[in-house]
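This note's numbering numbers the first residue of the sequence shown as 17 and each following residue consecutively.
Note that beta-carbon positions come from the ideal geometry of N, C-alpha and C, so glycine has one too.
Have a look at the structure below, then the notes.
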Amino acid sequence: MGSAHPTVSIVVTWFVKTPDKNVPILTKMSTAIITAVLDISVVWSILAVTQKGRYYPLDDTLCPRMNQSSLTMTDCSHIPSPCYVLEEQKLVDNLELIDSVQQRAGVTIILALKGFAMFSVFPLIKKYLVGTTASSLWEAQLAREEFGGELHVYAPVYPEHEFDLILQGATHISFNSLSQWQRFRERSLAAGVSPGLRINLEYSPVEHDIYNPASPLSRLGIRAEVLTEKWGDRLPPGIEGLHCHNLCENNSYALETTLQQIEARFGRYLAQVHWLNLGGGHLMTSMGYDVEHLVRVLQDFKTRHPHLKIYLEPGSAIAWQTGFLRATVLDVVKTAGPTIAMLDVSFTAHMPDCLEMPYKPKIRGARDPQPGEPTYRMGGTTCLAGDFMGMGDYCLTKPLHIGDTIVFEDMMHYTMVKTSMFNGVPHPAIGIIRLSGDFELVKTFGYLNYKNRLS
Ligand SMILES: Cc1ncc(COP(=O)(O)O)c(C=O)c1O
Numbered sequence: 017m018g019s020a021h022p023t024v025s026i027v028v029t030w031f032v033k034t035p036d037k038n039v040p041i042l043t044k045m046s047t048a049i050i051t052a053v054l055d056i057s058v059v060w061s062i063l064a065v066t067q068k069g070r071y072y073p074l075d076d077t078l079c080p081r082m083n084q085s086s087l088t089m090t091d092c093s094h095i096p097s098p099c100y101v102l103e104e105q106k107l108v109d110n111l112e113l114i115d116s117v118q119q120r121a122g123v124t125i126i127l128a129l130k131g132f133a134m135f136s137v138f139p140l141i142k143k144y145l146v147g148t149t150a151s152s153l154w155e156a157q158l159a160r161e162e163f164g165g166e167l168h169v170y171a172p173v174y175p176e177h178e179f180d181l182i183l184q185g186a187t188h189i190s191f192n193s194l195s196q197w198q199r200f201r202e203r204s205l206a207a208g209v210s211p212g213l214r215i216n217l218e219y220s221p222v223e224h225d226i227y228n229p230a231s232p233l234s235r236l237g238i239r240a241e242v243l244t245e246k247w248g249d250r251l252p253p254g255i256e257g258l259h260c261h262n263l264c265e266n267n268s269y270a271l272e273t274t275l276q277q278i279e280a281r282f283g284r285y286l287a288q289v290h291w292l293n294l295g296g297g298h299l300m301t302s303m304g305y306d307v308e309h310l311v312r313v314l315q316d317f318k319t320r321h322p323h324l325k326i327y328l329e330p331g332s333a334i335a336w337q338t339g340f341l342r343a344t345v346l347d348v349v350k351t352a353g354p355t356i357a358m359l360d361v362s363f364t365a366h367m368p369d370c371l372e373m374p375y376k377p378k379i380r381g382a383r384d385p386q387p388g389e390p391t392y393r394m395g396g397t398t399c400l401a402g403d404f405m406g407m408g409d410y411c412l413t414k415p416l417h418i419g420d421t422i423v424f425e426d427m428m429h430y431t432m433v434k435t436s437m438f439n440g441v442p443h444p445a446i447g448i449i450r451l452s453g454d455f456e457l458v459k460t461f462g463y464l465n466y467k468n469r470l471s
């Protein structure tokens, strides 16, 4: 058994990196040597069990993309808890797919910062996407500083004192109402930024009201009848583009219907603009998404409107399934019903969409319980009564103990951009499992991050 054997590498790495200062170094070394000549897999299993909860398991349930044959493999014991962990390879996979869509369909896809703004990976994203879309001054500033390229801005309303700063570096700006356009028209035109209007299609397949921009009383976008009543068949002079956003985690068939609605309600205006922004909500990187249909739908639309430059601005699709939130069990509380796992993360502070949507996040290695099975309920670390996963409990393969790791899947989009420090709970660190398999800790947060938000 050579030293390049993957399991040997795991064990040796574990011994060298173990932070337990109480184990004498000689004991560690001799154990390592004995370990190397025994059946390493069996020894590792025993160690993993006896060290349960003290060290994070070095197995592929936590680091699925670890290169098992490499000596420089990730040492997951160096992932702190809690921590958002992006897996770079998965982001590359998404970007490759998104790039192939934009190449084949002849459209331009930009990153919506509201969904994913982890700027440490912007250099990678820039290899595929020409720009970003921002929904506020600070997102625009981040885009300018860290991304560059095209910068599209849309906010439901622009504060007077921020507007000139927002325009700096912006290439496109969309207005939510005719009055906002009137107010900022001259300044936009003087700055040379391409102006557009956000339209409301009065159609959306989104079932959750909180994510439905086209509900009857929605404040987002201009309805066709409002535009026609004020401007007839001509768009206000100076307008160069139209922007709509009515999807959320939807498929290409919803986009097809969306395009039909655009043509039906706003078709007379299409010849008067240069660009059309189809917003976000196109979940093209998710399993089962009909990418070929998406390409066809976009190509057909372009054939009907060849003069239009088409933009899509997804957030979720870019970071979909690209990483996890690593958490730890701090206490295990028995109840008459499910056993509660008290975690070092919070649903309200770190995974707010779970409560807002609401939805039940996947936990690696867990499944939905069958009737009568022992179940665990995941409890957050704040004192909010509702800070627990109320959408369903989990069945785990083995009993949970204090110190065990819980891995919440798909926690890259709409998490870091939405977190709070409610209750003064520590913000999860942020790290990346690089293409090499090495883990890089890119940011940690401390007390001052909390204090500086208060006065
Ligand atoms: C105007 C606009 N554009 C783009 C997006 C990004 O959407 P998603 O992350 O669902 O792709 C949103 C999300 O709310 C949005 O409101």
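Checklist line | Residue from Cys99, Ser93, Leu263 whose Cα sits closest to the Cα of Phe461 | finding: The residue labelled residue 461 in the question sits at position 445 within the sequence shown. For the residues Cys99, Ser93, Leu263, the minimum Cα distance to Phe461 belongs to Cys99.
Checklist line | Of the residues Pro368, Glu256, Leu271, the one placed nearest Leu263, counting alpha carbons only | finding: Counting from 1 along the sequence shown, the entry for residue 263 is found at position 247. Taking only the C-alpha atoms, the option nearest Leu263 is Leu271.
Next item on the list: Flag this pair as touching only if the segment 245-260 and the segment 181-196 have three or more C-beta atom pairs under 8 Å; answer yes or no.
Entry: yes
Next item on the list: Go ahead and label Met303 buried or exposed: buried means 16 or more other beta carbons lie within 10 angstroms of its beta carbon, across all protein chains shown.
Entry: In the sequence shown, the residue the question calls residue 303 occupies position 287. Exposed is the call here.
Margin query: Would you say the beta carbon of Gly440 is closer than 7 Å to some non-hydrogen atom of ligand 1?
Written below: By one-based count along the sequence shown, residue 440 stands at place 424. Not under cutoff, so the answer is no.
Note to self: Distance check for Val117 and Lys325, CA to CA, integer angstroms please.
What the structure shows: Taking the first residue of the sequence shown as position 1, residue 325 is located at position 309. Taking the first residue of the sequence shown as position 1, residue 117 is located at position 101. Spanning the two alpha carbons is a distance of roughly 15 Å.
Notebook entry, point to check: Should Arg320 go down as buried or exposed, given a rule of 16 or more other Cβ atoms within 10 Å for buried?
Noted result: Position 304 of the sequence shown, counted from the first residue, corresponds to residue 320. That one is exposed.
Margin query: For Arg250 and Ala445, what's the separation of their Cα atoms in angstroms?
Written below: Stepping through the sequence shown from its first residue, residue 250 is reached at position 234. Stepping through the sequence shown from its first residue, residue 445 is reached at position 429. The straight-line gap from Cα to Cα measures roughly 52 Å.
Notebook entry, point to check: Closer than 7 Å: is that where the CB of Glu155 sits relative to any heavy atom of ligand 1?
Noted result: Here residue 155 is taken as the residue at index 139 of the sequence shown, counted from 1. No - ligand 1 has no heavy atom lying nearer than 7 Å to the Cβ of Glu155.
Notebook entry, point to check: Identify the residues that DSSP records as bridge partners of Lys531: which are they?
Noted result: Outside the shown range of the chain, which is 17 to 471, sits residue 531, and nothing can be said about it.
Next item on the list: Determine the burial state of Ser220: buried for a count of at least 16 other Cβ atoms within 10 Å of its Cβ, exposed for fewer.
Entry: Taking the first residue of the sequence shown as 1, we reach residue 220 at position 204. So Ser220 ends up on the buried side.
Checklist line | Nearest candidate by alpha-carbon position, reference Tyr392, set Tyr375, Lys414, Leu400, Gly402 | finding: The count along the sequence shown starts at 1 and reaches residue 392 at position 376. Out of Tyr375, Lys414, Leu400, Gly402, Lys414 has the C-alpha closest to the C-alpha of Tyr392.
Margin query: Does Gly69 come out as helix, strand or coil in the three-state DSSP assignment?
Written below: On the sequence shown, position 53 is the one that residue 69 refers to. Interpretation of Gly69 is limited by its pLDDT of 29, a score under 50 that renders its predicted location unreliable; the figure taken from the coordinates is listed afterwards. It is coil, neither helix nor strand.
Next item on the list: For Lys130, verify whether its CB is less than 7 Å away from any heavy atom of ligand 1.
Entry: In the sequence shown, the residue the question calls residue 130 occupies position 114. Answer for Lys130: yes, Cβ within range of ligand 1.
Check: Apart from the five residues just before and just after Asp225, which ones in its own chain have a Cβ nearer than 8 Å to its Cβ?
Finding: Taking the sequence shown and counting its residues from 1, one reaches residue 225 at position 209. Only residues of its own chain outside the window of five on either side were considered, and among them Ser231 have a CB closer than 8 Å to the CB of Asp225, listed in chain order.
Notebook entry, point to check: Which word fits Lys106, buried or exposed, when buried means at least 16 other C-beta atoms lie within 10 angstroms of its C-beta?
Noted result: Against the sequence shown, residue 106 aligns to sequence position 90. Burial call: buried.
Checklist line | Simplified DSSP assignment, three categories, for Val146 | finding: Position 130 of the sequence shown, counted from the start, is the residue given in the question as residue 146. Look at Val146 here: in three-state DSSP terms it is coil, with no helix or strand label.
Notebook entry, point to check: alpha helix (DSSP H) containing Thr484: first to last residue?
Noted result: A query on residue 484 cannot be resolved here, the shown segment of the chain reaching from 17 to 471 and no further.
Margin query: Can you tell me whether Arg235 is buried or exposed? The criterion is at least 16 other CB atoms within 10 Å of its CB, across all chains shown.
Written below: Residue numbering aside, residue 235 sits at position 219 when the sequence shown is read from its first letter. Per the 10 Å Cβ criterion, exposed.
Check: Any heavy atom of ligand 1 closer than 7 Å to the Cβ of Tyr170?
Finding: One-based indexing of the sequence shown puts residue 170 at position 154. Taking the Cβ of Tyr170 as the reference point, at least one heavy atom of ligand 1 falls within a distance shorter than 7 Å.
Margin query: According to DSSP, simplified to helix, strand and coil, what is Cys260?
Written below: Residue 260 sits at position 244 when you count from the first residue of the sequence shown. Correct three-state label for Cys260: coil.
Notebook entry, point to check: Candidates Glu104, Thr351, Val423, Ile255: which alpha carbon is nearest Phe340's?
Noted result: Here the question's residue 340 lines up with position 324 in the sequence shown. Closest by alpha carbon: Val423.
Next item on the list: With a threshold of 16 other CB atoms inside 10 Å of the CB of Gly396, please say whether the residue is buried or exposed.
Entry: Reading the sequence shown from its first residue, position 380 is the one you call residue 396. Buried.
Next item on the list: For the beta strand (DSSP E) holding His168, just list the boundary residues, first then last.
Entry: Along the sequence shown, read from residue 1 onward, the residue named residue 168 stands at position 152. Taken as a continuous stretch (DSSP letters only), the beta strand (DSSP E) holding His168 covers 166-170.
Next item on the list: Flag this pair as yes or no: are the beta carbons of Leu113 and Leu158 separated by less than 8 Å?
Entry: To locate residue 113, count along the sequence shown from 1; it is residue 97. To locate residue 158, count along the sequence shown from 1; it is residue 142. In this structure, Leu158 does not lie closer than 8 Å to Leu113 by Cβ.
Next item on the list: Compute the distance between the beta-carbons of Pro377 and Met367, then report whether it is under 8 Å.
Entry: Start at 1 with the first residue of the sequence shown, and residue 377 comes out as number 361. Start at 1 with the first residue of the sequence shown, and residue 367 comes out as number 351. In this structure, Met367 lies closer than 8 Å to Pro377 by Cβ.
Next item on the list: Look up Gly395 in the DSSP assignment and say whether it is helix, strand or coil.
Entry: Taking the sequence shown and counting its residues from 1, the one referred to as residue 395 is at position 379. Strand, per DSSP.
Check: Where does the unbroken alpha helix (DSSP H) through Asn110 begin, and where does it stop?
Finding: Translated into the one-based positions of the sequence shown, residue 110 becomes position 94. It spans 104-121 - the alpha helix (DSSP H) in which Asn110 sits, taken as one unbroken run.
Notebook entry, point to check: At which residues does the alpha helix (DSSP H) containing Trp291 begin and terminate?
Noted result: Taking the sequence shown and counting its residues from 1, the one referred to as residue 291 is at position 275. Counting along the chain, Trp291 falls outside any alpha helix (DSSP H), though it belongs to the beta strand (DSSP E) covering 291-293.
Notebook entry, point to check: To which residues of the same chain is Gly408 closer than 6 Å at the C-beta, ignoring the five residues directly before and after it?
Noted result: Position 392 of the sequence shown, counted from the start, is the residue given in the question as residue 408. The beta carbon of Gly408 sits closer than 6 Å to the beta carbons of Lys376 from its chain, once the five residues preceding and following it are set aside; these are given in chain order.
Notebook entry, point to check: Can you tell me whether DSSP reads Asp347 as helix, strand or coil?
Noted result: One-based indexing of the sequence shown puts residue 347 at position 331. Reduced to three states, the DSSP call for Asp347 is strand.
Next item on the list: Please confirm whether Ser436 and Ala365 have their CB atoms less than 8 Å apart.
Entry: Taking the sequence shown and counting its residues from 1, the one referred to as residue 436 is at position 420. Taking the sequence shown and counting its residues from 1, the one referred to as residue 365 is at position 349. Contact: yes.
Note to self: I'd like to confirm the pairing. Which residues does DSSP put opposite Lys325 in its beta bridges?
What the structure shows: For this step, residue 325 is matched to residue 309 along the sequence shown. DSSP lists Trp291 as the bridge partner or partners of Lys325.
Next item on the list: With DSSP collapsed to three states, give me the class of Ala352.
Entry: In the sequence shown, counting from the first residue as 1, residue 352 sits at position 336. Coil at Ala352, not helix or strand.
Check: Mapping DSSP to helix, strand and coil, what is Ala333?
Finding: Counted from its first residue, the sequence shown places residue 333 at position 317. DSSP places Ala333 in helix when its eight states are reduced to three.
Next item on the list: Please state whether DSSP places Ser204 in a helix, a strand or coil.
Entry: Start at 1 with the first residue of the sequence shown, and residue 204 comes out as number 188. Here Ser204 sits in helix by DSSP.
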